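These protein sequences, in sequence, are chains A and B.
Under my numbering, the first residue of the first sequence carries the number 739, and numbering increases by one thereafter.
Under my numbering, the first residue of the second sequence carries the number 19, and numbering increases by one thereafter.
Reading through the structure tokens given below for one structure.
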Amino acid sequence: MRYFSLLSSLFAAASAGHAQSSPIDNYLQEPNVKLVAAKAPSARADTEIDQVLPHRIPSRFGDYAAARLSVGSLLQSVEKLRLNKLVANTPGPAGVTALVSRVSVPSILGFATEYGGILQTNTGNVSTLRGNFLGIAKMAFGQEQFPYCPEIDQQNCQPASRWLRRFSGALSFANVSAVNGTATASAPNIPPTTVALFGDDYRMASWGLRLDLTANDPSDPKYVPAWKGAIAKLRNNEQSLKFTEAVSAVFDKIVDQEMYVKWREDTVGMLKTATTADFAQVLERQLDLLITKLAAADPEFESRIIVLRRSFMNYATVRDDLLKEIQSHRASLEYSNQHPLNQPNTSNIRFIYSHQPTRSPTLVTANFAATWYHQTQSGTSTGRFRDLQISGQIDRRLGEIPSLGHAVATFAGYYQWMKEDALINIGPGNVAPGSGIVLPSGAASLLGTKGHIGIVQGKLTIPINGVMKVPISVTWSNRTELIKKEDLRGQIGLAFDLDSIFRR
Amino acid sequence: MPCQLRPSTTSREDFLGAIGAKVTVKLKGPAGKGAEIVHIRYAGTEIDTEPPFEFTIKKGAKFLVVLAEASEAGILLQLVEECGGGGEQVLDRFHFDPMNPARGYIIRGE
């Protein structure tokens, strides 16, 4: 509940902040416009006033025009060519093919369905919804409430946007009705006894929050060379071309119109003589006049503005993703509240660190995590602390598959120390492990499973298109949490990244 | 080779140039900072995504979009025309705004 209170505060703060801003304030935030507006009338050169004109700063004009035309909020985001984006669930619950949490998540919404389990043998079908809070807030409340916050200029963002962009959340559902399996529980020196673990239901498996801890550091000597590499990727990205195409679509027809020439002449003249106190008001009046004329002259003007804003946000999201990628050191903190089927609820705190050692497309990720039970279990001597986890992963982007994208090869290792034996809840009518005793409802059963778990995994992720990816993996473990024997399995999954749909 | 663009003295355009003349532009920033043109788009469809960034002036008022990025917000950038023989002409001087990376210029070919 504390987390929801925090979110509510952020949303409220953003709303309050928005109430004090206006479209013209946003336009005046453009650094060159701000400089001109602050100058005395006699000190403003014509070339300086040109910096204020809509065709010179098309994105700012697009925002202003959209606000004046009451254009609805636009949904944007994008992720491509990223090694460090997690669209599947945090390692832990059944049905997850990832051994290691990565540092970043989709900006709007990620959805993944994976088949197979790693830590438990009770195979499940887990669907995960994961989103960045700023993206979700923009989707829900509009861009005016939660304006874009550039990766390289976070200090000048609204506090709510700056903080929300660092938080993401995840909600996972287990489709247990689709699978009706059983798992075998074993205890030392006791013959294994089958225990029915599955109900016939569709249920929440976990929820979680994540906080990104790191940002770009322009003072790092490695930053500028890495930044140039990111810009080189941006050149080849279709979103950058779509962005300038949208800018041209708005202005190509305008720039040769007598109406715009006359408006420009009048506006430059007025702004040249406007006092610093009147500058914003004069500019606002002239911009409103221009928008009225443009909207009247071109029935497509409003839709062009919508496309301009959307294409800019798509471009900006790609740019920010690329800039996040070049952070050679990245860290996140993640909390997940897990509700495993027929086991006591647990909480997990996880520190995630990633490092891109060179400019090559390789990413090293490490996780350190601890898990504890929400409460001590009656009838057992098990304490609340459950386990420690350490894991590492290396991702290497492979060559491009024509028309599909880049495949990614992954090698991961995982170690878990179970301080206590694992607990499971046994419903009414179930038999206690190693006995013929029918247990009452809600009883917890101790399994002789404390000790060390080691897992290694090789995975190949093949893109199908911009939205779907197919992870294929082979996993070996010395044992699982519930079964003390070696396990080797192959897994295939299907992951969806809905950001790619929303950005269209 | 002389510079191809001439600053306009009217409100009809930002620069004037001869039809058919090839113009090369580049972005300059402070020492130690990154400043790059991502691509340029001239007259709607003429696109150059690799340096040197060039376009050929067409008849009439056409719109040039320069998509530029810098490694830090707010740093002072200069869009310059390369005029040959090492000569340069500053076309625009501006502080980088990550909220507005595309900048537009009206160029009239005559």
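Yeah, the Cβ is synthetic: ideal placement off N, Cα and C, and Gly gets one too.
Please read these numbers as outputs of a predicted model, since none were measured by experiment.
query                                                                                                                                                                                                          : result
Just verifying my parser: in three-state terms, what is the DSSP assignment at residue 59 (chain B)?                                                                                                           : strand
With distances taken from CA atoms, which of A:1161, A:1194, A:1011 and A:964 is nearest residue 1188 (chain A)?                                                                                               : A:1161
Determine whether the Cβ of residue 788 (chain A) lies closer than 9 Å to any Cβ atom of chain B.                                                                                                              : yes
Give the straight-line distance between the Cα atoms of residue 771 (chain A) and residue 1008 (chain A), rounded to the nearest whole angstrom.                                                               : 15 Å
In terms of residue numbering, what span does the alpha helix (DSSP H) encompassing residue 785 (chain A) cover?                                                                                               : 784-788
Three-state secondary structure (DSSP) at residue 30 (chain B)?                                                                                                                                                : coil
Going by alpha carbons, who is nearest to residue 1102 (chain A) out of A:1198, A:1030, A:1132 and A:951?                                                                                                      : A:1132
Anything in the stretch 62-75 of chain B with a Cβ closer than 9 Å to a Cβ of chain A? List those residues in chain order, please.                                                                             : 62, 63, 65, 67 and 68
Please determine, among A:1058, A:1010 and A:1099, the residue with the shortest C-alpha to C-alpha distance to residue 88 (chain B).                                                                          : A:1058
Quick one: which residues of the stretch 959-972 of chain A get their C-beta closer than 8 Å to a C-beta of chain B? List them in chain order.                                                                 : 961, 962, 965, 966, 969 and 972
Would you verify that the beta carbon of residue 1228 (chain A) is, or is not, closer than 9 Å to some beta carbon of chain B?                                                                                 : no
Taking the Cβ atom as the reference point for each residue, do residue 801 (chain A) and residue 1048 (chain A) lie within a distance shorter than 9 Å?                                                        : no
So, with DSSP's three-state summary, where would you put residue 1129 (chain A)?                                                                                                                               : strand
DSSP three-state label for residue 1111 (chain A), please.                                                                                                                                                     : strand
Within this structure, are the beta carbons of residue 762 (chain A) and residue 1022 (chain A) separated by less than 9 Å?                                                                                    : yes
With a cut-off of 9 Å, does the C-beta of residue 1011 (chain A) fall near any C-beta of chain B?                                                                                                              : no
Look at residue 31 (chain B) and residue 126 (chain B) and say whether their C-beta atoms are less than 9 Å apart.                                                                                             : yes
Measuring only between beta-carbons, confirm whether residue 987 (chain A) sits less than 9 Å from chain B.                                                                                                    : yes
Is there at least one Cβ from chain B nearer than 9 Å to residue 795 (chain A)'s Cβ?                                                                                                                           : yes
Using the Cβ count rule (16 or more neighbours within 10 Å means buried), how would you classify residue 908 (chain A)?                                                                                        : buried
When the Cα atoms are used, what is the spatial distance from residue 831 (chain A) to residue 946 (chain A)?                                                                                                  : Because residue 831 (chain A) carries a pLDDT of 48, less than 50, the predicted location of this residue cannot be relied on, and the following value inherits that uncertainty. Near 12 Å, if we compare the C-alpha coordinates of residue 946 (chain A) and residue 831 (chain A).
Counting along the chain, where does the alpha helix (DSSP H) carrying residue 1008 (chain A) start and finish?                                                                                                : 996-1011
Out of curiosity, what's the CA-to-CA distance linking residue 121 (chain B) and residue 1100 (chain A)?                                                                                                       : 35 Å
Please report the straight-line C-alpha distance between residue 937 (chain A) and residue 1083 (chain A), rounded to a whole angstrom.                                                                        : With a pLDDT of only 42 at residue 937 (chain A), under the threshold of 50, the placement of this residue in the model should not be trusted; the figure read from the coordinates follows. The straight-line gap from Cα to Cα measures roughly 16 Å.
So which residues of chain A does residue 30 (chain B) contact, with C-beta pairs closer than 7 Å?                                                                                                             : 999
Can you tell me whether DSSP reads residue 1019 (chain A) as helix, strand or coil?                                                                                                                            : helix
So the alpha helix (DSSP H) residue 114 (chain B) belongs to, where does it begin and stop?                                                                                                                    : Careful: residue 114 (chain B) lies outside any alpha helix (DSSP H) and carries neither H nor E.
Throw me the rounded Cβ distance for the residue 40 (chain B) and residue 72 (chain B) pair, which I believe falls under 8 Å.                                                                                  : 6 Å
By the DSSP assignment, the beta strand (DSSP E) with residue 81 (chain B) in it spans what residues?                                                                                                          : 78-88
Does residue 24 (chain B) come within less than 9 Å of chain A when only Cβ atoms are used?                                                                                                                    : no
Starting from the C-beta of residue 1214 (chain A), find all residues in its chain whose C-beta is less than 6 Å away, skip the five residues before and the five after it, and write them out in chain order. : 1194 and 1226
Checking contacts by CB at 9 Å: is residue 891 (chain A) closer than that to chain B?                                                                                                                          : yes
For residue 1134 (chain A), which of A:1094, A:1106, A:948 and A:1229 has the nearest alpha-carbon?                                                                                                            : A:1094
Just to make sure I have the definition right: I need the residues of chain B whose C-beta is within less than 8 Å of the C-beta of residue 894 (chain A). Which are they?                                     : 91
For a test of the three-state rule: what should DSSP assign to residue 854 (chain A), helix, strand or coil?                                                                                                   : With a pLDDT of only 32 at residue 854 (chain A), under 50, the local geometry of the prediction cannot be trusted, and the value read off the model is given with reservation. Residue 854 (chain A): coil per DSSP, three-state reduction.
Less than 9 Å between CB atoms is the rule here; does residue 1111 (chain A) satisfy it with respect to chain B?                                                                                               : no
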